[in-house]
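Undergrad: Residues in the sequence shown are numbered consecutively from 6, following the working numbering.
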Amino acid sequence: MTDAADSIHNVTRRRFLGLAAGASLLPLLGAFPARATEAAPPANIRFRASHRDTKVGEHSVIFRTDGTRLSVVTHIDITVKVLFFTAFRLKHDAEEIWEAGRLISVQSTTNDDGVALTVSGYAAAEGFRILGADGPFLAPANLLTSNTLWNSKLIGESKLIDVQHGSEVGMVAKRIGEELVDTPSGRIRATRHHIITPHYAGSIFYDTDGRWVKGFIERQGEILEYALVS
């Protein structure tokens, strides 16, 4: 936890902006099966979120298929307290519909420290239309979302659709190396990547199959550890 916290806190906003400006947008290839009927949906993911070795909430991603479409339901419910004060509270629920590698629609609600946010969006001929706290916005059609941590293709992207605030944001990712990670099925080898966005940063670990198996997430100066439950 100390190494993760040191790595994250050394990143300044100036560094983020400079890296984001120079990063290239890689094409989205193979992020999803071309037809959902040709393969089973990804395995559901459930994490226990801990702060200073104390459980503070959960983060889950549930997948369903409907014909050629993939439904991705994200649920986050985390409350972090430092001493007797609430450092931050985040509750987020979203459903994204994907088809042939493209985001078709999204609906989300977020409670970010008492601030209620609602985002909706749909695919259009000219891109992806979003309506959120920042007003209407048109994003490129091929972007992943800020919830797509479950997909290892995320680390090749430089821009995302922010489904909590309703806009397009920059992202920087850097490969750190391989580490051993404890999972419910035993200790496995996973690749660690640092990621930086305007609203969160941290380290994401993917196994050899590209499954998200661990994380360190920084929000408002506090470090959360994500441990895989199932």
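Backbone N, C-alpha and C define an ideal beta-carbon position, used for all residues, glycine too. Nothing here was measured: the structure is a model prediction, and the numbers come from that model.
1. Quick check: the Cα distance between A41 and V124, rounded to an integer number of angstroms?
2. Leaving out five residues on either side along the sequence, give the residues of the same chain with a beta carbon under 7 Å from the beta carbon of R197.
3. Determine the contact status of A128 and A144, defining contact as a CB-CB distance below 8 Å.
4. Where do the ends of the beta strand (DSSP E) carrying T114 lie?
5. Which residue wins for smallest C-alpha separation from R107, given the options D58, T114, F142 and R134?
6. Terminal residues of the continuous beta strand (DSSP E) containing T196?
7. If I measure Cβ to Cβ from T273 and keep anything under 7 Å in the same chain, skipping five residues before and after, which residues do I get?
8. Could you tell me if T79 is buried or exposed, where buried requires 16 or more neighbouring beta carbons within 10 angstroms of its beta carbon?
9. Taking all protein chains shown into account, do 16 or more other C-beta atoms lie within 10 angstroms of the C-beta of G35, making it buried, or fewer, making it exposed?
10. Check each candidate in D212, F221, N156 and V61 and name the one with the smallest Cα separation from V96.
11. What does a CB cutoff of less than 6 Å around S157 pick up in its chain, not counting 5 residues either side in sequence?
12. Runs of 3 residues minimum, wholly inside the stretch 115–185: which ones carry the beta strand (DSSP E) assignment?
13. Could you give the residue range of the beta strand (DSSP E) that holds F89?
14. Taking the beta strand (DSSP E) that R69 falls in, what are its first and last residues?
15. Could you name the residues of the same chain whose beta carbon sits closer than 6 Å to that of S151, not counting the 5 residues immediately before and after it, in chain order?
16. In this structure, does DSSP put R51 in helix, strand or coil?
17. Got a sec, what are the start and stop residues for the beta strand (DSSP E) G226 sits in?
18. Go ahead and label E230 buried or exposed: buried means 16 or more other beta carbons lie within 10 angstroms of its beta carbon, across all protein chains shown.
19. Which class does T79 belong to by DSSP, given the choice of helix, strand or coil?
20. If you count every other CB in all the chains shown that lies within 10 Å of the CB of G191, and 16 or more means buried, which is it?
21. Can you check whether the CB of H199 is closer than 8 Å to the CB of L122?
22. Which residues in the same chain have their Cβ closer than 6 Å to the Cβ of V87, if we skip the five residues on either side of it in sequence?
TA: This is what the structure holds:
1. Counting from 1 along the sequence shown, the entry for residue 41 is found at position 36. Counting from 1 along the sequence shown, the entry for residue 124 is found at position 119. For A41, the pLDDT reaches just 35, beneath the cut-off of 50, and the residue's location in the model is therefore unreliable, leaving the point undetermined.
2. Along the sequence shown, read from residue 1 onward, the residue named residue 197 stands at position 192. Contacts found: I181, G182, E184, S208 and F210.
3. Here residue 128 corresponds to residue number 123 of the sequence shown, with the count starting at 1. Here residue 144 corresponds to residue number 139 of the sequence shown, with the count starting at 1. Cβ distance not < 8 Å, so A128 and A144 don't count as in contact.
4. Indexing the sequence shown from 1 puts residue 114 at position 109. Counting along the chain, the beta strand (DSSP E) containing T114 begins and ends at R107 to D117.
5. Translated into the one-based positions of the sequence shown, residue 107 becomes position 102. For R107, the nearest C-alpha among the options comes from R134.
6. By one-based count along the sequence shown, residue 196 stands at place 191. Unbroken beta strand (DSSP E) run through T196: G191 to I201.
7. For the chain, the structure presents residues 6 to 235; residue 273 sits outside this window and is missing.
8. Start at 1 with the first residue of the sequence shown, and residue 79 comes out as number 74. Burial call: buried.
9. Residue 35 sits at position 30 when you count from the first residue of the sequence shown. Unreliable positioning characterises G35 in this predicted model, as indicated by a pLDDT of 41, which lies under 50. A coordinate reading is not provided.
10. As a working note, residue 96 is residue 91 in the sequence shown. Looking at the sequence shown, residue 96 is not Val but Lys. The residue with the shortest Cα to Cα distance from K96 is V61.
11. Sequence index remark: in the sequence shown, residue 157 carries index 152 (1-based). The answer, listed in chain order, is Y211 and G215.
12. 120–129, 132–137, 140–144, 164–167 and 172–175
13. The sequence position of residue 89 within the sequence shown is 84, counting from 1. No beta strand (DSSP E) holds F89; DSSP gives it neither H nor E.
14. Within the sequence shown, residue 69 is the residue found at index 64, counting from 1. Its beta strand (DSSP E) spans residues T59 to D71.
15. In the sequence shown, counting from the first residue as 1, residue 151 sits at position 146. These residues qualify, in order along the chain: L165, D167 and V168.
16. Locating residue 51 in the sequence shown gives position 46, where the first residue counts as 1. If DSSP states are grouped into helix, strand and coil, R51 belongs with the strands.
17. In the sequence shown, counting from the first residue as 1, residue 226 sits at position 221. Neither: G226 is in no beta strand (DSSP E) and is coded neither H nor E.
18. The count along the sequence shown starts at 1 and reaches residue 230 at position 225. Buried.
19. Counting from 1 along the sequence shown, the entry for residue 79 is found at position 74. Reduced to three states, the DSSP call for T79 is strand.
20. Counting from 1 along the sequence shown, the entry for residue 191 is found at position 186. Flag for G191 reads exposed.
21. For this step, residue 122 is matched to residue 117 along the sequence shown. For this step, residue 199 is matched to residue 194 along the sequence shown. Against a cut-off of 8 Å, the Cβ pair of H199 and L122 comes out as no contact.
22. Within the sequence shown, the letter at position 82 stands for residue 87. Around V87: no qualifying Cβ.
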